[in-house]
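Here the structure comes first, spelled out in C-alpha cells, and everything after it is commentary.
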Amino acid sequence: GRGYSKWVQSHLVDLEGPTFQYKPILMADANIQAFIRVVKEAEIQAVTRLQEELQKEEQQGFWEWLFTGGGSDKYTLVERKNVPIFLSSSIKNFINLFQIPEDSVDNVTRSFVSTPTSSRPASINEMSPTMMRKGLYELKYEGDPDLQPIRSYECAFLVRFFYHLCAWINYNYSGQIVGLYRRRDVVGGVFRQVLCGPQVVYHFDKRVPGMSPRVSTSLPPRLSLRGLANYYLLVYSGIFLVLVTSTTRLTVPAVSVVFLCLWVVFMVVRWSLGYAPLVPDVRVHDVSDSRPNFSFSG
C-alpha cells in the first residue's frame, strides 16, 4: 500500500511540476458569493420556465393534446417542478457545508433579485437555455423536416419505413407531384393540403476542410407520411376501427374506404372555404434530378 501511494505521489509530481501550487476554488468570499448567485439564478430561471410550461399547458388545444400527449417537451412537468426544489436544497447544503452566515447569503440573493436583467452580464457562459430561447441566440432546426430526430411519441420503424417509401415516390414521380401541386382546381387544392410545399433547407457541408460552409437546398413539393407514425394516431385509429366495426358490422377495408371518402370531402370543403394553401411559384430547377439520400439515421 505504501509503495503504491509513493508511486502515485511521484506520478503527480511529474505531471504537475515541482513549483505547482493548488488554487482553492471556494476559499475566497467572492467565489462563494458568485457560486450562490449562479445557483440562485438557475433556481429563478427554473421557476420562470416552469410557469411558462404551466401556462402553455393551460392554453394547449385539444387536437395538440390528442396527438402529442401533452406536447413534445423534452422534460415533464414533474421533473421541472423538482428542479427548483433541488437547487434550493443545494444552496442550503452548501451553506451548512461551508458554515456561511445566513445574512451574507440573504444579501447576495437580495442583490441579485433587485439587479435589472438588462444590467447583468450576458456572456456565453452565463446564458441559460431560457435566455437563448428569448432571442439572444435563437436556434432552430433548418434542415429537412423528414430527417429530424425521432420523437418519443413516434414509432421508429414506421418513421424509417415511411421515409424510404416517400423518398422513392418523390424521386420517381417528382414531375407528377409538382404538376398536381400547381393545379388551381379542386384536385390541386386537395393535394396542396396533403403534400408538403416547397421549402428551402440548410445544412453544413462537412466535406470542405476547415470551417464548414452553410449550404442551402430547395426542396420541391413532396409527399411526407411521417405524421402517420404517431403512436397516439395509431392507437386512436385502432380504437376507432374496433368501435365502428363492432357497432356497424362493417369490415375494416369498408370502414377505411368510408373514412377516406369523408376525409376527401373534408379537404374539398376546406379548399372551397379558402383554407387550402395558395399555388406557389414552383420553378423547374426546384425539382431535384439527383437521387435522394435513402439513409435515415434519426
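All letters in the sequence shown, in the order written, are residues 419 to 716 by my numbering.
For each residue, glycine too, the CB sits at the ideal point set by N, CA and C.
In the three-state scheme derived from DSSP, where H, G and I count as helix and E and B as strand, Gln469 is classed as helix. DSSP places Val653 in the helix class (H, G or I) of the three-state scheme. Distance check between Asn590 and each of Gly606, Leu576, Ser630, Arg640 places Arg640 closest, using alpha-carbon atoms only. As a beta-bridge residue in DSSP terms, Thr635 pairs with Val619. Assignment of Cys679 by DSSP, reduced to helix, strand and coil, places it in the helix class. The beta carbons of Tyr581 and Tyr650 sit no closer together than 9 Å. For Ile503, there are no CB contacts under 6 Å within the same chain when 5 residues up- and downstream are skipped. By the Cβ rule, the region 589 to 606 does not count as touching the region 651 to 664, because fewer than three pairs are nearer than 8 Å.
Secondary structure of Glu461 (DSSP, three-state): helix.
Closest by C-alpha distance to Ala585, out of Arg600, Leu565, Asp603, Arg602, is Leu565. Exposure of Gly561 is indicated by the presence of fewer than 16 other C-beta atoms within 10 angstroms of its C-beta. For the pair Leu613 and Ser592, the CB atoms are not nearer than the 9 Å cut-off. Here Ile587 has Leu641 as same chain residues with Cβ atoms under 7 Å from its own Cβ, once five neighbours each way along the sequence are excluded. Excluding sequence positions up to five before and after Met685, its CB lies within less than 7 Å of the CB of Val608, Gln611, all in the same chain and listed in chain order.
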